[in-house]
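Novice: Chains as they are written, first to last, in our numbering: chain A, 1 to 238; chain B, 1001 to 1439.
Each residue gets a CB set at the ideal place from its N, CA and C atoms; glycine is no exception.
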Ligand SMILES: Nc1ncnc2c1ncn2[C@@H]1O[C@H](COP(=O)(O)OP(=O)(O)OP(=O)(O)O)[C@@H](O)[C@H]1O
Ligand SMILES: [Mg+2]
C-alpha cells in the first residue's frame, strides 16, 4: 500500500520579479515500511519535496496524498493535526528545544495532542520514551540539555523525538550533513535498524551517494525533476 | 503543565533581559503600592487624630429655638445617654464640650479663633494628642480667686500672630448663647504645635469657664461626643442610635446623600432655614466630618492608578519590542515545534505564558519591595511635632493596603503585559513553518 502519493507536483517560489521553479512536475509513490532515499545535487529540490510530503509547505500544482488523505485544502488546524499524528521530523541541524533535557525533548511531541493522557497512557508513554532513549543509546544522558551533547548525540535525540508519537512516516532532510562521515553512517544505520524493527517508513534526503545504497527505494532528482526512481523488492520477514 | 515549565525556562534564558523588564514592572508596582498603602491608612490616621481633637466619633448638638432666637445648648442629656445604653452601643468615653468664636485682642492685634471648652480632668487623651511647644497642662486647672480656671492653650500659629507668650493675659470677646456681647480674661498657659493641615487647631480652655462666659448654667454644655469601641464601626452604631432618638426627641433630618452636599454643612443650614420651635438635636459622625478627607484619599488612589497606567504604557513599549526580538531569536524553534504538530494557538499560549510569568514575577517583586520599604519607613519616628502629624499614627507612618487594590494593580499590570505581548505572539504563531525553519 502506498503511504505517500505525489502526483504532478510543481513548486514555484517567487524570487524578486522572477520565479524559481524548484520542483517542475514530479510523480512517485512510496510504500509503507520502506527506507527511502531522495538523492540529488544541491538545489535539485530535495528539501522542497520533503517539505511537501511533511505538510509544512503546499504545492503550487499537483497533489500530495498522505496515508490516503488528500492534503490540499485542509485547514491549518487539520494539517497540523495530520503532521502530529502521522509524521516525524529529523532536521539537518537537529533543532532540539534548548530549554528541555533529553527526556523532555523526546516527550515533547506527546504533549501536543489534543486530549489529556490518562494515568496508564502516561505510564505507557514514560516506558516508551525510556525504551527510545535506550534504543538510541543515550541512557546516561537523560537529564542533559542539548548544549551538553555532541552533534551525533543530538541527532539521536532527534530520532527518538521523531519516533515518540509512533508516526507512520519519518522525514529526515540531510540528517547527516552536520555530522562527520563515521557518525553520519551510525545515524543512518540507527535509522535503518529502527525502520526494520518498527516498520516505520523513513524518507531521508542526501547528496552523499555513499549512503544511498542502504535504501530500499531511491528517488534521484535533478533540477526539480525525477531522473531515477528505483525500488528494490524488500526481502521482508512479514 | 509542561508549557508552564517551558515558559519559565524560556524566561531564564536571557536573565539580564528578564531582570530588566521584570525590574521595570516591579518598580511601577512598588511606587503605586506605596501610594495606595499610604492613602489606605490616611483616613484611619486622620480619623483617629480628628476623633481625639473633636473628642468623639458620634456627635450630638442641641439647639433651642423660640421665635427667631436660637440657643445652642444641651440642658439635659438623659435621653441621649439613656438611648445609648439601651441600644447597647459599646461606648469608650463620652465628652461634653462647649465652644465659642472668640476675638482675641492682645497688644493691638486682633484674631478670630474658635475656643473649645473641655473638661480637663476627664479628657486625658486630649493631653496626649495636643503637642505642646511651650508651657504645660498643669496650669489649666489652676483656679483664680473667683474659682475660675482661666488657662488657655493656643496653637503656635495663632500665638505667633498675636505675639503672645506663655504667661501673658489675653482678653477674649465672644457672644453668649443668647447673642449678648461678653468679655473674658484668659491666661496663656501653653502653646500647641500647629499641624498646619486642615486649618489651625482650635484654642482650648476649661469647660466651666467657657460655659460661664457664654451664659450656660453649670451642668449644661453644647456638644456631646461619643467614642465607640471601634472607629470602623461608627456608621453601624450610628444608624440605630439616630433612628431611636428620632422617635423620642426632635432631630434635624440628615441630608439623604445629595451630590456634593456636605452633611455637616447641610445640618447647620437646616437650623437656620426651617420654621420650627422647641429643642432639636443635630447628629453627625466623624465620617461626615471626614468626607473631604475621603475625597483626598480617592484622589490619591486615582492618581496612583494613572501613574500605574502611564508607567506601564512606557513599559509596554519595551515588552512589545522584547517579544518581537524573542520571536526573531526563536524563529527556528517556532518552525520546529510547528512541524512537530504544535497548533498555532499553543504557540501563542506559550509566548503569553512567558509574558504572564514575567508580569507576575515583576509584580510580586514590586509588592515585596514595597512591603520592605513600608516596613522601614514605619520604623522611623517622625515625631509628634511634625507638620504632617495629623496623617501619622503617634508620629509613625503607617500603611494599610487593601487586597482589592493589590489585585487591581496586579490585574492592570498583567493585563497590559499580555496586551503588549499579544501582537508579537500572534505573529509568531502565524509564521509559516517552512519559512520559520529556513530562517
Ligand atoms: N523559499 C524559497 N524561495 C526561493 N527559492 C527557493 C526557496 N526554497 C528553495 N528555493 C530554491 O528552489 C531550489 C530547490 O531548493 P531545495 O532547497 O529544495 O534544494 P535541495 O535539493 O534541498 O538543495 P540542498 O542540497 O542545497 O539543500 C533551489 O534553487 C532553491 O534556491
Ligand atoms: Mg535541502
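Using 7 Å as the limit for Cβ to Cβ distance, is residue 1009(B) near chain A?
Specialist: Yes, contact with chain A.
Novice: Which residues in the same chain have their Cβ closer than 6 Å to the Cβ of residue 53(A), if we skip the five residues on either side of it in sequence?
Specialist: Here the set comprises 4.
Novice: Does the Cβ-Cβ distance between residue 1416(B) and residue 1327(B) come in under 7 Å?
Specialist: No, they are not a contact pair.
Novice: At a Cβ threshold of 7 Å, is residue 1325(B) touching chain A?
Specialist: Taking Cβ atoms only, chain A never reaches closer than 7 Å to residue 1325(B), which makes this a no.
Novice: Have a look at the DSSP bridge pairing and note the partners of residue 19(A).
Specialist: Partner(s): 14(A).
Novice: State the start and end residues of the unbroken beta strand (DSSP E) segment that holds residue 192(A).
Specialist: Here residue 192(A) belongs to no beta strand (DSSP E); instead the alpha helix (DSSP H) covers 181-198.
Novice: Counting contacts by CB-CB distance shorter than 7 Å, is residue 95(A) in contact with chain B?
Specialist: It does: the Cβ of residue 95(A) has a partner Cβ on chain B nearer than 7 Å.
Novice: Measuring alpha carbon to alpha carbon, tell me which of 1136(B), 1023(B) and 1029(B) ends up nearest residue 1371(B).
Specialist: Comparing Cα positions, the closest option is 1029(B).
Novice: Compute the Euclidean distance between the alpha carbons of residue 237(A) and residue 120(A), then round it to the nearest angstrom.
Specialist: With a pLDDT of 45 at residue 237(A), under the threshold of 50, the modelled position of this residue cannot be trusted, and the question is left open.
Novice: Residues of chain B with a CB under 7 Å from the CB of residue 83(A): which are they?
Specialist: Per Cβ cutoff of 7 Å: 1339 and 1341.
Novice: Within the same chain, show all residues whose beta-carbon is closer than 7 Å to that of residue 1011(B), passing over the 5 residues directly before and after it, in chain order.
Specialist: These residues qualify, in order along the chain: 1018, 1354, 1357 and 1358.
Novice: So, under 8 Å CB-CB, residue 157(A) and residue 95(A) are touching, yes? Tell me the CB distance rounded to an integer number of Å.
Specialist: Contact doesn't hold; Cβ gap of about 10 Å is too wide.
Novice: Does the Cβ of residue 173(A) have 16 or more other Cβ atoms within 10 Å, making it buried, or fewer, making it exposed?
Specialist: Buried, because 16 or more other Cβ atoms sit within 10 Å of the Cβ of residue 173(A).
Novice: Check each residue of the segment 1411-1435 of chain B: if its Cβ is closer than 7 Å to any Cβ of chain A, include it; give the result in chain order.
Specialist: Against chain A - using a Cβ distance shorter than 7 Å - the residues of the segment 1411-1435 of chain B are 1433 and 1434.
Novice: On the DSSP letters alone, give me the boundaries of the beta strand (DSSP E) that residue 1095(B) sits inside.
Specialist: From DSSP, the beta strand (DSSP E) with residue 1095(B) extends over 1091-1106.
Novice: State the start and end residues of the unbroken alpha helix (DSSP H) segment that holds residue 65(A).
Specialist: Element bounds for residue 65(A): not the alpha helix (DSSP H) but the beta strand (DSSP E), 61-66.
Novice: So which residues on chain B does residue 149(A) lean against when the C-beta distance must stay under 8 Å?
Specialist: Residues of chain B passing the Cβ test: none, with the nearest at roughly 16 Å.
Novice: At a cut of 8 Å, does the segment 1078-1091 of chain B reach the segment 1228-1246 of chain B through at least three beta carbon pairs?
Specialist: These segments touch.
Novice: Evaluate residue 1059(B) with the Cβ neighbour count: other Cβ atoms within 10 Å of its Cβ, from every protein chain shown; 16 or more gives buried, anything less gives exposed.
Specialist: Residue 1059(B) is buried by the Cβ-count criterion.
Novice: I believe residue 1036(B) touches residue 1232(B) by the beta-carbon criterion, under 8 Å. Please report the beta-carbon distance rounded to the nearest angstrom.
Specialist: No, residue 1036(B) and residue 1232(B) are not in contact; Cβ-Cβ is about 18 Å, not under 8 Å.
Novice: Report all residues for which the CB-ligand distance to some heavy atom of ligand 2 is below 7 Å; order them along the chain.
Specialist: Result: 46(A), 47(A), 173(A), 174(A) and 205(A).
Novice: Along the segment 61-86 of chain A, what residues have a CB closer than 8 Å to any CB found in chain B?
Specialist: Hits within the stretch, in order: 76, 77, 80, 81, 83, 84 and 85.
Novice: Among the candidates 1285(B), 1366(B), 1034(B) and 1053(B), whose CA atom is the shortest distance from the CA of residue 1201(B)?
Specialist: Looking at the Cα atoms, 1053(B) is the closest of the given residues.
Novice: Find the nearest neighbour of residue 1024(B) within the set 1433(B), 1311(B), 1329(B) and 1172(B), judged by alpha-carbon distance.
Specialist: Comparing Cα-Cα distances from residue 1024(B) to each of 1433(B), 1311(B), 1329(B) and 1172(B), the minimum goes to 1311(B).
Novice: Alpha carbon to alpha carbon, how far is residue 1280(B) from residue 1291(B)?
Specialist: So the two alpha carbons sit approximately 24 Å from each other.
Novice: Looking at ligand 1, does it come within less than 6 Å of residue 20(A), judged from the CB to the closest heavy atom?
Specialist: Under cutoff, so the answer is yes.
Novice: If we count the other Cβ atoms within 10 Å of its Cβ and call it buried at 16 or more, is residue 9(A) buried or exposed?
Specialist: Residue 9(A) is buried by the Cβ-count criterion.
Novice: Consider the Cβ of residue 112(A): report whether some Cβ of chain B lies at a distance smaller than 7 Å.
Specialist: At least one chain B Cβ lies under 7 Å of residue 112(A).
Novice: Three or more C-beta pairs under 8 Å: does that hold for the segment 57-70 of chain A against the segment 1323-1341 of chain B?
Specialist: Contact fails: fewer than three Cβ-Cβ distances are below 8 Å.
Novice: Checking the sheet assignment: what are the DSSP bridge partners for residue 1440(B)?
Specialist: Any answer about residue 1440(B) is impossible in this case: the structure gives chain B only from 1001 up to 1439.
Novice: One question on the structure: do residue 37(A) and residue 177(A) come within less than 7 Å of each other, judged by their Cβ atoms?
Specialist: No, the Cβ-Cβ distance between residue 37(A) and residue 177(A) is not below 7 Å.
Novice: Do residue 1297(B) and residue 1039(B) have their C-beta atoms within less than 7 Å of each other?
Specialist: The answer is yes: Cβ separation under 7 Å.
Novice: Residue 1276(B) to residue 1194(B), Cα distance in whole Å?
Specialist: Roughly 40 Å separates the two Cα atoms.
Novice: How close, in whole Å, do the beta carbons of residue 1443(B) and residue 1177(B) come, if the pair is a contact with beta carbons under 8 Å?
Specialist: Nothing about residue 1443(B) can be reported from this structure: the residues present for chain B run from 1001 to 1439 only.
Novice: Can you tell me which of the three DSSP states residue 32(A) falls into?
Specialist: Coil, per DSSP.
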